[in-house]
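Here the sequence shown is numbered in the numbering used here, starting from 394 and rising by one per residue. Written below as C-alpha cells is the structure these notes are about.
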Amino acid sequence: MLTRMNTDDTHRPDVRGLPMVNPPDPARLEAERAWLADVATRPWLARQVAYVSRGGPGYLQSALTLGGGSASASILAGAAFGYDLLWVAPLGMILGGIVFMAIAHQTLSTGMRPFEAMRTHAGPVFAYGWAFGTVLASVVWHFAQYALASAVLVDLAAVAFPEVEVSRWLMGLLVLAWAIPTALSFGSRSNVQRIFERIIRTMVWIIVALFAVVAFRVGFGDPATVAAGFVPGALPLDRMTEGGPVSALPLVIAGLATAVGVNMTFLYPYTLLARGWGREHRELAKADVAYGMVIPFVIVVSLLTITAAATLYDGFTGSKISPVEAAGTLGGLLGSFWGRVIFDLGLLAMLLTTITLHMVCSGLACGEMFKLRVGSAGYRIATLLPAPGVLGAVYWSEMSIWVAVPTSIVAGLMLPLAYVGFIRLQTSRAYLGADRPEGAKAFAWIAGMVVATLVIAVFIGREVVVRAPGYLESLGALLAGGTS
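Below is the structure:
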C-alpha cells in the first residue's frame, strides 16, 4: 500500500511504519519546522551557516563510504601517481551528490517508502535489483572491512604493547562486539536514534581531524602541483617500476567506485524518513548532502592521497601498499609512536562506522523486500546477515576470489541500475506530481544524473571486461588446487 508520510502510520495495521520503532517526538518536529520557517527568511549564506549547525543523514553516508576501499584506493593512487589523480574521488562523490539531492527531493516531496516508489513508478526490476545489490554489497564487503579493521587493531597493539602478541581473531570479535549493538540501535526509540546519529557524526569529524594532523605533519608539497591535481585531465602514462608497469585506469575505477556504493543509495532516503522529515526539510536535506557527505569525504580522501604522494611516491616499487603498511611508513616519518597511532586511529574510525552501517543497510533492504517490521525478529536477523564477515579477520585472502569478484560485478552494475531508477522517478509526474522539476532546472538536474550514471556504468563495465580473464584464471587455479 502506498501512503504519503504520516507520523501516525506506525499505528495502522496495514502499514509497517517508517524505519523506527517509535515515530519522532511531535514536539521536536514542530520546533524544527518553526526553526526552518525562520531560517527560510534569511539570505542564502546565512541559511547555509544555519544548516551546517544541524547535521543530518548526510553524515551517515560519509561514515558508510569512508571505509577500507576508499582508504586503499586513495593511498595507492598517491603512492603510484603522486598528485595526478587527486580529482578522481572528489569527482565520483560530486556526481553521487547530485543523485542524492534528487533522492532527497523525491522522498521528502512525496513521503512514500522509497522501495515501493521505485517498484511502482520505475519498475520491479529496478526496485529488486537495487535492494538485492544493497544486501549483497553489504554482506560481502563486510569481510574486507573486518580484514583491515583487525589488522589495524593488531598494529595498534604492537605499537602500544610490543612484547604482547595479539590475535587477529580476537580483534575481529572485538569489532563485532561494537558493531552488533550499535547497528541494532538504529531505528530504536527516538532518543537512542539521536545518540546513534551523534556518535556517527562525531566519528566522521574525528576521521577528518586525525588525517588532517597526519597531512600537516608530513607537509602538502608544492601548492600549485597539489591544486593542479584536482583538475580532471588526461590519465597519466603507465608508471614503470621495479615490479613492472602500473596503470592509472584501475585506480580511477577504484576511486569512482568507492565514492558511492549502491547500499548508500538505499540507506539515505530511509534515514530521511526515520527523522520524520518532510517537504519543509528539502533545502536542509540538500545542504546536508553537501556538508555532511560530499565535503567530509572529499577532505579525507584528498588528505590520504596527498599524504601518500608526499611520503610514498618516490619509493613506490609497483607492489600494492595496504593502509596498515602505510601507517608503518608514516610512523617512521612522524614519530615511531604517535604518527603511527594517529593514522591507525583514523583508519579504525573509518572501518567501525562502515561495518556498522553495512549491517543497517542489510536490515533495511531485507525489511523492504520481505515486509519486515523494524524491530521484529526477522528484521534483526536481516541486520545481522553481514556478521559472518568477522571471518574476514583471518580468512579474507583465501575467500576474496570466491566472493569479491562476483560481488564487484553484480553490486557494481546495480549502482547504475539504481541511478536509472532514480532518473525515472525524477521525471515521473505520476510520482512527483507538481513537485516534478520543470524547465532549465529540470534539464540541469537530469543531465547531472545522466552523466553520473554514464561515468559509473562505463568505468565499471570496462573493469568487468578487462579483468574477467584474470578472474577466471585465478578461479581456475583455485579449482585445480593451485594458488591465486
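Cβ coordinates follow ideal geometry from the N, Cα and C atoms, glycine included.
For the beta strand (DSSP E) containing residue i, name the first residue and the last one.
i: M505; result: Unbroken run through M505: none, as it is neither H nor E.
i: P638; result: 637 to 639
i: T634; result: 632 to 634
Rounded to a whole number of angstroms, what is the C-alpha to C-alpha distance between residue i and residue j?
i: T500; j: L666; result: 8 Å
i: A620; j: L696; result: 13 Å
i: V414; j: L577; result: Residue confidence is low: V414 scores 47 on pLDDT, short of 50, so the model does not pin down where it sits. Its coordinate-derived value is still stated next. Using only the alpha carbons, I get a separation of about 11 Å.
i: L915; j: A572; result: As displayed, the chain neither begins before 394 nor continues past 877, which places residue 915 out of reach and without an answer.
i: A553; j: M657; result: 35 Å
i: A466; j: A617; result: 23 Å
i: F508; j: G526; result: 13 Å
i: G637; j: G711; result: 6 Å
i: V682; j: T513; result: 26 Å
i: A495; j: G485; result: 16 Å
i: R672; j: A570; result: 38 Å
i: A833; j: I816; result: 16 Å
i: A517; j: M505; result: Just to set this straight, residue 517 is Pro in the shown sequence, not Ala. Spanning the two alpha carbons is a distance of roughly 16 Å.
i: S715; j: L649; result: 19 Å
i: R733; j: L549; result: 8 Å
i: L488; j: T704; result: 30 Å
i: G760; j: I735; result: 38 Å
i: S769; j: G854; result: 39 Å
i: H751; j: V844; result: 27 Å
i: F579; j: I646; result: 32 Å
i: P574; j: L744; result: 16 Å
i: G626; j: P643; result: 16 Å
i: V655; j: Y661; result: 10 Å
i: A811; j: I748; result: 22 Å
Short of 6 Å in beta carbon distance, which residues of its chain neighbour residue i, apart from the five on each side in sequence? Order them along the chain.
i: G565; result: Y539, S543, V783, A786
i: T700; result: V607, A608, V611
i: A427; result: none
i: P483; result: V691
Taking residue i as the reference, give the member of the options with the closest Cα.
i: T698; options: G475, M762, D737; result: G475
i: M842; options: V813, S821, E831, V851; result: V813
i: V445; options: M807, G732, E676; result: E676
i: Q819; options: L745, L810, P809, P830; result: P830
i: A680; options: A742, F763, R447; result: R447
i: L563; options: P574, V547, E556; result: V547
i: H498; options: R421, V851, Y824; result: Y824
i: A464; options: A840, F604, V694; result: V694
With a threshold of 7 Å on Cβ separation, who are the neighbours of residue i within its own chain once the five nearest residues in sequence on each side are excluded?
i: S455; result: V597, G685, M686, P689, F690
i: K713; result: L469
i: S755; result: V528, S531, V532, A775, T776, L778, P779
i: I593; result: Y452, L453, A456, T746
Need the endpoints of the alpha helix (DSSP H) that residue i sits in, please.
i: W428; result: 419 to 432
i: D548; result: 517 to 553
i: R447; result: 437 to 447
i: T651; result: 642 to 652
i: L665; result: 655 to 667
i: Y452; result: 451 to 458
i: A466; result: 461 to 474
i: V568; result: 561 to 577
i: G622; result: 616 to 622
Does the ligand SAM have even one heavy atom less than 8 Å from the beta-carbon of residue i?
i: A602; result: Among the components of this structure there are no ligands whatsoever, and the ligand SAM is therefore not found.
With 9 Å set as the bound, which would you pick, yes or no: does the beta-carbon of residue i sit closer than that to a beta-carbon of chain E?
i: E556; result: As a matter of chain content, chain E is missing from the structure shown, which is built from one protein chain.
Please work out which residues of its chain come closer than 8 Å, Cβ to Cβ, to residue i, disregarding the five sequence neighbours upstream and downstream, and give them in chain order.
i: E635; result: T710, G711
I'd like the ranges of any alpha helix (DSSP H) spanning at least 4 consecutive residues and lying wholly in the region 763 to 846.
Listed in chain order, they are 770 to 776, 785 to 819, 822 to 825.
Go through the region 670 to 702 residue by residue and report every complete run of the beta strand (DSSP E) that reaches 3 residues or more, in order.
Correct list: empty.
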